[in-house]
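Residue numbers (this note's numbering): 1393 to 1773.
In this text, a Cβ means the ideal position worked out from N, Cα and C, and glycines have one as well.
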Amino acid sequence: MPSRASRFLRGDMSPFTKIQPLLTKPFMPAVFFLSGVTYDTLTLSRIDRLQDNLVLLLYLALLGVLIVLTGRLGIEALADREHLTTVSPLVRSILQSRPYYPMMSQFLLGGLFSAYAIFYLQSTSFTETAVFFGVLMTLLVANEFLRDRLSNLRLLISLYAVVCFAFFTFFLPVMLGYMNSAVFLIGALVSVAVIFRVVQLIYRNNSDRSSREAIGVTVPAMTLIGILIGFYFLNWIPPVPLSLKFGGIYHDVKRPGDQFELAFEKQWYEFWKRSDTTFPSNTPIYCFTAVFAPVDLNTTIYHHWYYRPNDNRPFMHADKIPLKISGGREGGYRAYSFKQRLDPGDWRVNVEAGDGRVLGRVSVTVVEPGETQPTLATVSY
């Protein structure tokens, strides 16, 4: 009967050998993708929830370790197994799992990109800020086809730069309670420091690896971070961790108690309507919004009013009204601005963060007043 040692040397005792046939099935990438997205959708609640952020931080740490191991050990299966009997079980598992490093990296990248897609979607409006969200969605889908390429250090570290950047630029405002350009740039610098540290660990004490190779894997990642910083100053990155929960145009806004009462025109058959889409020019007009911000984050948002007399003219600046908000409320901090006697035409209100990035947009058409009094309904928020 074969001894335990001989069975081990043949690989019979390796748990990775037992699960290999299942992991190599062609449908497994789709299973990993759908399970990761489903899990994140069900479990991720608020961007300021400590547990969720710690899970993302753990994913980042594990992915960094995998990249270092991939860079130092490669992903080829170990040909000579005899020396494995002399090493610790932890080292043995690390060495035996080398062929599965790309799949593990793919799983962690998928979890991070799907979580970011959920968080950034909440802050994305159909304006320029959708650019970065589009990049995240592209990487989320592309990740499912990259497993065979995730042994390439240049690609791995470049993707790692993106996930670090996306995390730290919203995590720091949540932790510090401040949101401005300086905090954003600090988050970007933290991402740069993490990338440099990972590359340093890969090439440390590796005399046979040239510094030119280290530079070759670092430069693309640094270039990506530089491009993403440019996205920020072009207002192409959603203003996370802020998000617009609700917004609309109303005839009147009152607060008799804890709830706001919002009055708007509504016919009996317009069961779907919750705010005004057209508005008489001789009536005071209110723009009401609810903006979510993390606990302890106090900042200023703006209702930026724009106007154009007809479709053939571009929108022009009309007014910019600051509103101080505080974080913590699940449904968002509620505030409103109002104006009087607007000219007929198309009006819109961009709800903007302090740095000018757009959280959302509320639109209305102002018309000449009719002869009959409008029928008003009330909705509470």
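According to DSSP, residues forming a beta bridge with residue i
| i | result |
| --- | --- |
| Gly-1640 | Phe-1680 |
| Pro-1714 | Tyr-1694 |
| Ala-1727 | Thr-1681 |
| Ser-1755 | Arg-1740 |
| Arg-1700 | Asp-1738 |
| Ala-1655 | Asp-1644 and Thr-1770 |
| Ser-1635 | Phe-1684 |
| Phe-1671 | Val-1758 |
| Val-1750 | Glu-1744 |
| Met-1708 | Tyr-1699 |
Exposure label - residue i; buried when at least 16 CB within 10 Å
| i | result |
| --- | --- |
| Phe-1537 | exposed |
| Arg-1438 | buried |
| Phe-1576 | buried |
| Tyr-1661 | exposed |
| His-1643 | buried |
| Leu-1482 | exposed |
| Asp-1703 | exposed |
| Trp-1664 | exposed |
| Phe-1684 | buried |
| Ala-1397 | Annotation note: pLDDT 41 at Ala-1397 (below 50); position unreliable, no value reported. |
| Met-1393 | Since pLDDT at Met-1393 reaches only 45, below the 50 mark, its modelled position is unreliable, and no value is offered. |
| Asp-1440 | buried |
| Asn-1597 | exposed |
| Pro-1565 | buried |
| Gln-1765 | exposed |
| Lys-1646 | exposed |
| Gly-1649 | exposed |
| Ser-1395 | Confidence at Ser-1395 is low in this model, with a pLDDT of 43, below 50, so its placement is unreliable and the value that follows should be read with caution. Burial call: exposed. |
| Phe-1518 | exposed |
Residue i at chain C interface by Cβ criterion, 9 Å
| i | result |
| --- | --- |
| Ser-1583 | The structure shown contains no chain C, having only a single protein chain. |
Option in the options with minimal Cα separation from residue i
| i | options | result |
| --- | --- | --- |
| Asp-1711 | Val-1741, Gly-1719, Lys-1637 and Pro-1565 | Val-1741 |
| Leu-1751 | Glu-1657, Asn-1704 and Val-1632 | Val-1632 |
| Phe-1557 | Asp-1735, Met-1614, Gln-1659 and Pro-1491 | Met-1614 |
| Leu-1626 | Ser-1755, Gly-1748, Leu-1482 and Leu-1487 | Gly-1748 |
| Leu-1504 | Ser-1517, Arg-1541, Val-1533 and Asn-1674 | Val-1533 |
| Leu-1448 | Ile-1619, Phe-1499, Pro-1701 and Pro-1686 | Phe-1499 |
| Phe-1707 | Lys-1716, Arg-1721 and Gly-1737 | Gly-1737 |
| Leu-1446 | Phe-1559, Ile-1641, Ile-1486 and Gly-1456 | Phe-1559 |
| Leu-1581 | Ile-1607, Val-1554 and Arg-1596 | Val-1554 |
| Ile-1459 | Val-1566, Ala-1574 and Thr-1610 | Thr-1610 |
| Pro-1714 | Leu-1501, Cys-1679 and Ser-1673 | Cys-1679 |
| Arg-1541 | Tyr-1492, Trp-1628, Met-1567 and Ser-1755 | Tyr-1492 |
| Tyr-1595 | Trp-1739, Gly-1466 and Leu-1450 | Gly-1466 |
| Gly-1640 | Ile-1619, Arg-1705 and Arg-1753 | Arg-1753 |
| Leu-1455 | Leu-1501, Leu-1487 and Gln-1488 | Leu-1501 |
| Gln-1592 | Asp-1735, Tyr-1451, Thr-1530 and Leu-1461 | Leu-1461 |
| Ile-1486 | Ser-1506, Arg-1464 and Leu-1513 | Arg-1464 |
| Glu-1722 | Ser-1603, Pro-1701 and Leu-1636 | Leu-1636 |
CB-CB length for residue i against residue j, believed under 8 Å
| i | j | result |
| --- | --- | --- |
| Glu-1744 | Ile-1677 | Not confirmed; about 19 Å, so no contact. |
| Ala-1688 | Gly-1569 | Inspection of the sequence shows that residue 1688 is occupied by Asp rather than by Ala. At roughly 4 Å, the Cβ-Cβ gap stays under 8 Å, so Asp-1688 and Gly-1569 are in contact. |
| Pro-1612 | Ser-1543 | That pair is no contact at about 16 Å. |
| Ser-1387 | Leu-1634 | The question about residue 1387 has no answer here: the residues shown for the chain are numbered 1393 through 1773. |
| Ser-1573 | Ile-1617 | Ser-1573 to Ile-1617, Cβ: 16 Å. No contact. |
| Ser-1718 | Asn-1690 | 5 Å |
| Thr-1521 | Ile-1629 | 6 Å |
| Gln-1659 | Thr-1767 | 7 Å |
Taking 8 Å as the threshold, find out whether the stretch 1653-1669 comes into contact with the stretch 1546-1560 through three or more Cβ pairs. no
For the 8 Å Cβ check, are there 3 or more pairs between the stretch 1724-1744 and the stretch 1696-1709? yes
Is the stretch 1523-1537 close to the stretch 1579-1594, with three or more CB pairs under 8 Å? no
Count Cβ pairs between the stretch 1639-1658 and the stretch 1757-1772 that sit closer than 8 Å; are there 3 or more? yes
Three or more C-beta pairs below 8 Å linking the stretch 1757-1769 and the stretch 1715-1726: no
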